[in-house]
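A.B. asks: I have a structure I would like to understand better, so I am pasting it below and will then ask my questions one at a time.
Protein chains in written order, with our numbering: chain U, 26 to 140; chain X, 1467 to 1576.
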């Protein structure tokens, strides 16, 4: 079974702090994604990566950056956390883009609260 | 703009009923259509993936169909159980972009 893990289930940070969210997948997937999920807005793509050290902006990249130094690990960084970044953050991975078996697998999510 | 909608937004049924959840997408140039289940406060669990060349996929009591030309997919749940209560989301795979629907919140009453 594919397993996607996220470093924390719940996180509370203060405004202005630098926040790191870590995601690890164990199936040698090419692609990794970061989403945020908010009531009434659904899932929105922040960034994705299709290879080590490669990244692409999603729909809402402002205020975020990412890092992918190893294939299995994809980090989301909030450079200076703000209250409007309070949300559920979901990491996902898939085998390859534009592929027939591009099934996405999700981690359990990190509920981030910025006070 | 690529958009995905789901109808109904919420559904409450008695245990044992068969039910249908609907998903519509505006751009039919999809590679795949994937259905997920999400329990409150949890991540998404993949249920079924239908490739663009397929018409349907089945897993246990779940059957998903895809009509790419009309931009529609349906998820059929047979003999619903209280354990099926969750939010069901569909997602259209456009290659470098997955577009998610807002979900249907399902409650199955004992």
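Glycine is no exception: its CB is placed at the ideal position from the N, C-alpha and C atoms. In this text, all values refer to a predicted model and were calculated from it rather than measured experimentally.
(1) Should residue 54(U) be listed as close to the ligand MG, given that the test is whether its C-beta is under 6 Å from any heavy atom?
(2) Which class does residue 109(U) belong to by DSSP, given the choice of helix, strand or coil?
(3) Going straight from the alpha carbon of residue 1468(X) to that of residue 68(U), what length do you get?
(4) Is residue 72(U) near residue 88(U), with beta carbons less than 7 Å apart?
(5) Going by the DSSP bridge assignment, what does residue 72(U) pair with across the sheet?
(6) Counting only Cβ pairs nearer than 7 Å, list the residues of chain X close to residue 133(U).
(7) Looking at C-beta atoms only, is the number of pairs between the segment 108-123 of chain U and the segment 1536-1544 of chain X that lie closer than 8 Å three or more?
(8) Taking Cβ positions, are residue 1557(X) and residue 1500(X) nearer each other than 7 Å?
(9) For a cutoff of 7 Å on Cβ pairs, would you count residue 1491(X) as touching chain U?
(10) Could you tell me the boundaries of the beta strand (DSSP E) in which residue 34(U) lies?
C.D. replies: With the given structure in hand:
(1) What this structure holds is no ligand at all, so the ligand MG is not there to describe.
(2) Position 84 of the first chain, counted from the first residue, corresponds to residue 109(U). Residue state, collapsed to three classes: helix.
(3) Position 2 of the second chain, counted from the first residue, corresponds to residue 1468(X). Position 43 of the first chain, counted from the first residue, corresponds to residue 68(U). So the alpha carbons of these two residues sit roughly 14 Å apart.
(4) Position 47 of the first chain, counted from the first residue, corresponds to residue 72(U). Position 63 of the first chain, counted from the first residue, corresponds to residue 88(U). Not a contact, by the Cβ cut-off of 7 Å.
(5) Residue numbering aside, residue 72(U) sits at position 47 when the first chain is read from its first letter. Answer is 59(U) and 82(U).
(6) Looking up residue 133(U) in the first chain gives position 108. The answer, in chain order, is 1508 and 1509.
(7) No, they do not touch.
(8) Counting from one through the second chain, the residue named residue 1557(X) turns up at place 91. Counting from one through the second chain, the residue named residue 1500(X) turns up at place 34. In this structure, residue 1557(X) places its C-beta atom within 7 Å of the C-beta atom of residue 1500(X).
(9) As a working mapping, residue 1491(X) is identified with position 25 in the second chain. The beta carbon of residue 1491(X) sits no closer than 7 Å to any beta carbon of chain U.
(10) Walking along the first chain from the start, residue 34(U) turns up at place 9. No residue range can be given for residue 34(U), since it is assigned to no beta strand (DSSP E) and is classified by DSSP as neither H nor E.
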